Amino acid sequence: MNFIKIALDGVPQELRKEIENQLPPPLEVLGWKFVGYKWRKLTQINTKDKNGNTNNTVRVAGTGDNDVLQVSLKKGLDLSCHTPSIYPNDNLINGFNRLKQLKLLGYKEWIFAEYEQDEFTKTEFQDTFEDALDDARASMNKGSGQKVITDTEVEELGRKRFGHRIDVEKDDIKRWVTTLNLNLSYQKIEAIANAIAKDFQRIGRIESYNREEAEQFLEKLGIGADLLNTYGHKKGSDPTRTLRLLYQIMSNFVENIDTMHIALYDSQAVGHDDLDENREASVELLDSMDKLIMKYAGARMANMNIQPYEILGAIPQATGRENQQSGLVEIA
């Protein structure tokens, strides 16, 4: 980091140019062009919308506090980082948390990168000014003092964006995420696009529930039960969730000799057939596992002289302690 001390009451003209010349190249954001650096009194920066709400549209729960950022700003301006950004009439694009910390520390002025809309580079997904602004805020929140944008925030932004569009196929959503230039892996983009697309597929067909919402539903009805998410339980799929629940069922029965009540929900079903198939597969899987346990217990009791498993050792992984050439590590 390369800090330059900034006086709380302002920055002399000769120092301003020196700072501007040492900053990294401005961020390139589709749909926007860099106009130049502007030194602004912090009291002149607009952060509210017309209803008086903080106009930070890409954040799900705000930026929160950032102790590391506050310590950094006490040292001055970090010349290795991009400045906060504004669009015409001193409206803040990004840097909400930074602006808050600057004011708390007593700074009166700061440098901002000013951008204006660019019709030549706007994407197919920027039909309105608000679309372009949301994309800019998402693209600019990649670090350097900001709270890095989360997958959940990208998903919420995607639901907002595609809620008024007809192109809501997963490939369309993947193209939009790619335009944000968030340095996400292909797998991450795929997962985000898949989550958004499924939400739109469920509209009018399936009531969506996550675990917390399902728990609240049971509590509202006064029903005591444990939950089993049936998503992904079609035949041949991963039985992990059912196995975890089965362990609880067995523990409950051994300790209490009592029935464990279970309620099913599906966090990802996109249609009625999908929902029904997952429910049926989950019930069948749980039933087959219970039967297998009984067969195992019978076979185990009848053949106590035969161990059902044997641990041969562990693959050597502790560098400097375990020799890769000596075979498996013996487990005491």
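Residue numbers for the sequence shown follow my numbering, beginning at 5 and rising by one.
Don't be surprised by glycine CBs; every beta carbon is placed ideally from N, CA and C.
Owing to the predicted nature of the structure, the values given are computational and were not obtained by experimental measurement.
Where residue i falls: helix, strand or coil (DSSP)
i           : result
residue 123 : coil
residue 82  : strand
residue 118 : strand
residue 307 : coil
residue 253 : helix
residue 38  : strand
residue 49  : coil
residue 33  : coil
residue 103 : helix
residue 327 : coil
residue 259 : helix
residue 175 : helix
residue 298 : helix
Pick from the options that is closest to residue i, judged by C-alpha positions
i           : options            : result
residue 99  : 142, 79, 132       : 142
residue 103 : 88, 94, 117        : 88
residue 140 : 163, 180, 193      : 180
residue 188 : 112, 145, 91, 164  : 145
residue 340 : 310, 78, 279, 35   : This structure cannot speak to residue 340, because the chain is shown only from 5 to 336.
residue 271 : 31, 73, 192, 199   : 199
residue 38  : 254, 45, 28        : 28
residue 202 : 13, 306, 273       : 273
residue 316 : 130, 300, 286, 336 : 336
Residue(s) in a DSSP beta bridge with residue i
i           : result
residue 98  : 89
residue 269 : 233
residue 7   : 82
residue 113 : 45
residue 333 : 318
Segment limits, alpha helix (DSSP H) that includes residue i
i           : result
residue 317 : Neither: residue 317 is in no alpha helix (DSSP H) and is coded neither H nor E.
residue 19  : 17-26
residue 162 : 155-166
residue 144 : 133-144
Contained beta strand (DSSP E) runs [length at least 3] in the segment 178-238, N- to C-terminal order: 230-233
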